[in-house]
Amino acid sequence: MMTASAPKTDYAPFNESDPAADADTLRARMETDGYLFFRGLVHEDEVLAVRRAMLEFCAEAGWLDTSRDLMEGIVAPGVNPTTEGRADYNAVYRKILKHPGFDAFPEQPGLLTVARALLESEEVLVHPRRIGRITFPNNPEATTPAHQDHFYIRGTVATYSCWVPLGDCPITLGGLAVARGSHKQGFIEHTERFPAAVGGRGVPTDESIEWHSSDFAPGDALFFHAYTIHKALPNRTENRLRLSTDNRYQRPAEEIHPGALKPHLGLDLSE
Ligand SMILES: O=C(O)CCC(=O)C(=O)O
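Read in order, the letters of the sequence shown correspond to residues 345 to 615 in our numbering.
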């Protein structure tokens, strides 16, 4: 007789860290896993305020279904996906990068506390190159491939990225997956090319990788090391935007690439 087996999933759930854990415990977990995942590290209201601001810019651009609640982020029928680098996307993204609430987001106390613990430093530099992402459904080829942030950030390897979805983000909406322990391999050449994808370059991957991911709720945050391999998951919803921000933290006295001091995508935010 055949027995029902559990459905195979590609992702083990994240190992969750306690925001109240001491710095040594957090660093030890980072050393083992290459990432730290926290539930509710940022107050939900702070996340939703930035979400609202971003969605208002999306609505102004005509991307959203105005018959639905703005906060659902539902794409209007007939609107084609767009992605970073395109003129229509960049016009919206520029407004987001100039928004004071978006700019201040990575300095939330909960995020800075973790960054200080990881860096063993009271003084922390948040890269001025803040990053936000608006990921359309029905556009899987644009999904960020597996990569290490050091490929893009350069500067000191003692840099930690923090990815926060701006709203709830079940795996079907396309969260982030990390390759547990992959930071221990050091830097890997980014030989894979993905012309339509965010970033455009990636590392080779195989079946041996232990991918971790979970559904995110508003306020959940994922920190990872500059060498940790990670990738976005495709937005497989019918019509929902995925909104997120990712920011980088390092010690102020260490090497920083000049690009990390400038706005993302080289956008001019001067007026
Ligand atoms: O959200 C994404 O699509 C990519 C984010 C990412 O890879 C990063 O934070 O480095």
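Glycine residues also receive a C-beta, built at the ideal position from the N, C-alpha and C atoms. In this text, all values refer to a predicted model and were calculated from it rather than measured experimentally.
Proximity test, residue i beta-carbon vs ligand 1 heavy atom, cut-off 7 Å
i	result
residue 501	no
residue 581	no
residue 558	no
residue 576	yes
residue 477	yes
residue 488	yes
residue 407	no
residue 493	yes
residue 507	yes
residue 512	no
residue 331	In the structure as shown, the chain begins at 345 and stops at 615. Residue 331 is therefore absent and cannot be evaluated.
residue 520	yes
residue 458	no
residue 368	no
residue 542	yes
Residue i - containing alpha helix (DSSP H), residue span
i	result
residue 433	431–442
residue 453	453–463
residue 394	388–404
residue 566	Premise fails: residue 566 lies in the beta strand (DSSP E), 565–569, not in any alpha helix (DSSP H).
residue 587	Careful: residue 587 lies outside any alpha helix (DSSP H), inside the beta strand (DSSP E) at 586–594.
residue 496	493–497
residue 376	367–377
Where residue i falls, given that 16 or more other Cβ within 10 Å makes a residue buried
i	result
residue 358	buried
residue 605	exposed
residue 374	buried
residue 370	buried
residue 350	Residue placement at residue 350 is poorly supported in this model, since its pLDDT is 41, which falls under 50; the coordinates still yield a value, given next. Residue 350 should be labelled exposed.
residue 613	exposed
residue 511	buried
residue 352	Interpretation of residue 352 is limited by its pLDDT of 42, a score under 50 that renders its predicted location unreliable; no figure is taken from the coordinates.
Own chain, CB closer than 7 Å to residue i, minus 5 neighbours either side, in chain order
i	result
residue 418	408, 409, 412, 583, 584
The beta strand (DSSP E) enclosing residue i, as first and last residue numbers
i	result
residue 507	504–509
residue 523	520–523
Cβ-based neighbour list, residue i, same chain, cut-off 6 Å, excluding 5 preceding and 5 following
i	result
residue 564	383
residue 388	562, 563
Residue i: CB within 7 Å of a non-hydrogen atom of ligand 3
i	result
residue 381	This structure lacks ligand 3; the ligands present are ligand 1.
Contact between the segment 393–408 and the segment 370–380 (3+ Cβ pairs under 8 Å) = In the pairwise beta carbon analysis, the segment 393–408 is classified as not touching the segment 370–380: fewer than three pairs are separated by under 8 Å.
Does the segment 594–601 touch the segment 467–478, meaning 3 or more C-beta pairs lie closer than 8 Å?
-> Counting C-beta pairs closer than 8 Å gives three or more between the segment 467–478 and the segment 594–601, which meets the contact rule.
Contact between the segment 572–585 and the segment 507–525 (3+ Cβ pairs under 8 Å) = As far as the Cβ criterion goes, the segment 572–585 touches the segment 507–525, which means the pair count is three or higher.
Stretch pair the segment 533–542 + the segment 444–454: three plus CB contacts closer than 8 Å | Between the segment 533–542 and the segment 444–454 there are fewer than three C-beta pairs closer than 8 Å, too few to call the two in contact.
Can we say the segment 487–503 touches the segment 427–437, given the rule of at least three CB pairs closer than 8 Å?
-> A contact between stretches requires three or more CB pairs, one per stretch, nearer than 8 Å, and the segment 487–503 fails this requirement with the segment 427–437.
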